[in-house]
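Here the working numbering is used: the sequence shown runs in plain steps of one and ends on residue 1083.
For every residue, glycine included, the Cβ atom is placed at its ideal position computed from N, Cα and C.
Take a look at the structure below.
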Amino acid sequence: MKKLLLASAAMTMATAATAEEIKLGVLLGFSGPIESMAVAMGAGAELAIKEVSDSGKLLDGSTVVPVRADSTCIDSAAATAAAERLITSDGVAGIMGAACSGVTGAVLANVARANGMVMISPSATSPALSEAEDDGLFFRTPPSDARQGVVMANILMDKGVKSVAVTYTNNDYGKGLAESFQGAYEELGGEVTISAAHEDDKADYSAEVGALASAGGDLLVVAGYADRGGAGIVQGALDTGAFDTFHFPDGMVSDATIGKFGADVDGSGGQLPGSDSPGAAKFAEVVGDAWDATAIFSAESYDAAAILLLAMQAAGSADPKVYKDKIMDVANGPGEEIMPGELGKALEILAGGGEIDYVGATSVEFLENGDSAGSFREVMMDGGKFETVGYH
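Right under this line is the structure:
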């Protein structure tokens, strides 16, 4: 009965919203281990929402209102409850989110599928989500960690790093990335001396750091969170002299890492989703000085929100059960290429029966399973800041 009520509420909302006001859920980890990242992510999504709403060209002049909800990143029950509130109480027509892989999978399985609700995540990267049952409702704008693991292995081998210790946060994101990386790195001839999970929010990481130090390696790969256990591991390694050089996957490439460690980790590298495409440059122009346009997952958030709204226009409906089939059509070719700042133009083309190829800030191209092909930006900590040194 609960599922039937939720589904009924979602359908009623979508029909009514088309007439004048459409609500779009922004479900991110506003608290928890990625809260520092969520600031720019929320801003990115809401920039696209404002651009569409201000244009007055969506579904005969409908306005769009963002509704924020907290996925926490780590509490699946809280994320599920937040998603249910977005649908039943707030009446959203789509969800930009969730953030973090474990809670995204829980929301998809327990809420989105039950209610026919479309989700586009800007930051859930676990390879397991590529195979999740989604009824055609789930997409993501960042590439899978199956690809990040390969990119990371290539970066390290190209630098002559032949052995590493690995620590990863004990959840879907950390496990998936660690496994992907180890397989790719060993295939290239590298040695993983240890691959050990760590829990977040511990007061003391001396035991974990001791095990990593005993195993040794040219450097320490920290597949964790800059606001939680990953930072604790790095601090412990610096305090004991176990490691002074690190490699940071996307969860650690954050203002929080800069603020906590700065020049203490100079010479450490990392990677995060990003490109040097014309769309990325255009996104930086549109953002201006509002925030750092290269902030992790903010471009992916802009693209996720934009695609949801453009699909509604293509379908002529804000009903997720209707517009879900237009997601691929607006994100992939053929059609006129659309960059950041051109959402009003895209809405006009679609209203006239034309086709668009939304390139966006991240050169979006969805694969058959809803994953993004994606690219990565390589960074190096220099002078206490992450500097871009290449793209992959």
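Could you check the C-alpha separation between residue i and residue j for me, to the nearest Å?
i	j	result
A701	A996	Only weak support is given to the placement of A701: the predicted model assigns it a pLDDT of 42, under 50, and the question is left unresolved by the model.
G807	K1015	9 Å
L911	L719	29 Å
P724	G1044	44 Å
A698	Y859	Unreliable placement is indicated for A698, whose pLDDT of 43 sits below 50; the coordinate value is still reported in the next sentence. Distance between the alpha carbons of A698 and Y859: 38 Å.
T754	K748	9 Å
N801	T771	7 Å
L1038	V783	20 Å
V977	S992	14 Å
M1072	A922	15 Å
G796	G960	29 Å
F830	I811	5 Å
D918	F939	13 Å
S762	A768	9 Å
L963	E1027	28 Å
V855	D909	5 Å
C764	V857	22 Å
A705	G1075	Its pLDDT being 42, under 50, A705 is placed unreliably in this model, and the coordinates cannot settle the point.
A1006	I1029	18 Å
V798	G920	24 Å
L696	D826	Caution is warranted here: a pLDDT of 39 is assigned to L696, below 50, making its placement in the model unreliable, and no coordinate value can be reported.
S722	V1080	31 Å
A990	D1010	25 Å
A707	S744	Reliability of the predicted coordinates at A707 is poor, the pLDDT of 39 falling under 50, and the value obtained from them is presented with this limitation in mind. The straight-line gap from Cα to Cα measures roughly 17 Å.
A815	D751	33 Å
K693	G942	Residue placement at K693 is flagged as unreliable, the pLDDT there being 34, under the threshold of 50; a coordinate-derived value is accordingly withheld.
E1059	Y864	22 Å
A710	V717	Below a pLDDT of 50, predicted positions are generally treated as unreliable, and A710, at 48, falls in that range; the measurement from the model is reported next regardless. Cα to Cα, A710 sits roughly 21 Å from V717.
S871	K741	38 Å
M848	F1067	16 Å
L828	A803	7 Å
A734	S905	43 Å
F952	L715	36 Å
I846	L1001	36 Å
N1023	P1031	15 Å
L1034	D994	10 Å
A823	A984	31 Å
V852	A986	27 Å
A1042	Q1004	7 Å
A894	G927	11 Å
E877	A837	15 Å
Note the first and the last residue of the continuous alpha helix (DSSP H) segment covering residue i.
i	result
T771	S767 to T779
I740	E726 to S746
A919	Here residue 919 turns out to be Arg, not Ala, going by the sequence shown. Premise fails: R919 is in no alpha helix (DSSP H) and is neither H nor E.
E899	S897 to A906
V1084	Because residue 1084 is not part of the residues shown, which for the chain are 692 to 1083, the question remains open.
I987	Element bounds for I987: n/a, residue is neither H nor E.
V1021	I1018 to A1022
K1076	Not the alpha helix (DSSP H): K1076 falls in the beta strand (DSSP E), residues K1076 to Y1082.
K1012	P1011 to Y1014
With residue i and residue j assumed to form a contact (beta carbons below 8 Å), what rounded beta-carbon distance in angstroms separates them?
i	j	result
D946	S727	6 Å
V883	V1070	With a Cβ gap of about 22 Å, V883 and V1070 do not count as contacting.
V913	I998	Not confirmed; about 32 Å, so no contact.
A875	G840	5 Å
E890	N861	6 Å
A1096	I786	Absent from the model: residue 1096. The displayed extent of the chain is 692 to 1083, so no value can be given.
L738	V758	L738 to V758, Cβ: 16 Å. No contact.
D892	L929	Rounded, the Cβ-Cβ distance is 19 Å, inconsistent with contact.
I949	F1077	7 Å
G1065	P834	3 Å
S792	S817	3 Å
Just reading off the beta strand (DSSP E) that residue i is part of, what are its end residues?
i	result
T858	S854 to T860
T754	T754 to D761
G720	Run containing G720: none; DSSP gives neither H nor E here.
I1047	I1047 to Y1049
G788	I786 to G788
G1035	Careful: G1035 lies outside any beta strand (DSSP E), inside the alpha helix (DSSP H) at L1034 to A1042.
V1070	F1067 to D1073
E1027	E1027 to I1029
Fill in: Cβ contact (3+ pairs, closer than 8 Å) linking the stretch 958 to 978 and the stretch 1049 to 1060
The stretch 958 to 978 is in contact with the stretch 1049 to 1060.
Discussion item. Taking 8 Å as the cut-off, does the stretch 924 to 938 touch the stretch 870 to 887 (at least 3 CB pairs, one atom from each stretch)?
Written reply: Under the Cβ criterion (8 Å, minimum of three pairs), the stretch 870 to 887 does not count as touching the stretch 924 to 938.
Item to complete: Taking only runs that begin and end inside the stretch 797 to 883, name each unbroken alpha helix (DSSP H) of 4 or more residues, in chain order.
Response: For the stretch 797 to 883, whole alpha helix (DSSP H) runs of length 4 or above, ordered along the chain, are 836 to 849 and 863 to 878.
Practice prompt. May I have a chain-ordered list of the beta strand (DSSP E) segments no shorter than 3 residues that lie completely inside the stretch 918 to 971?
Written response: You should have 937 to 939 and 960 to 964.
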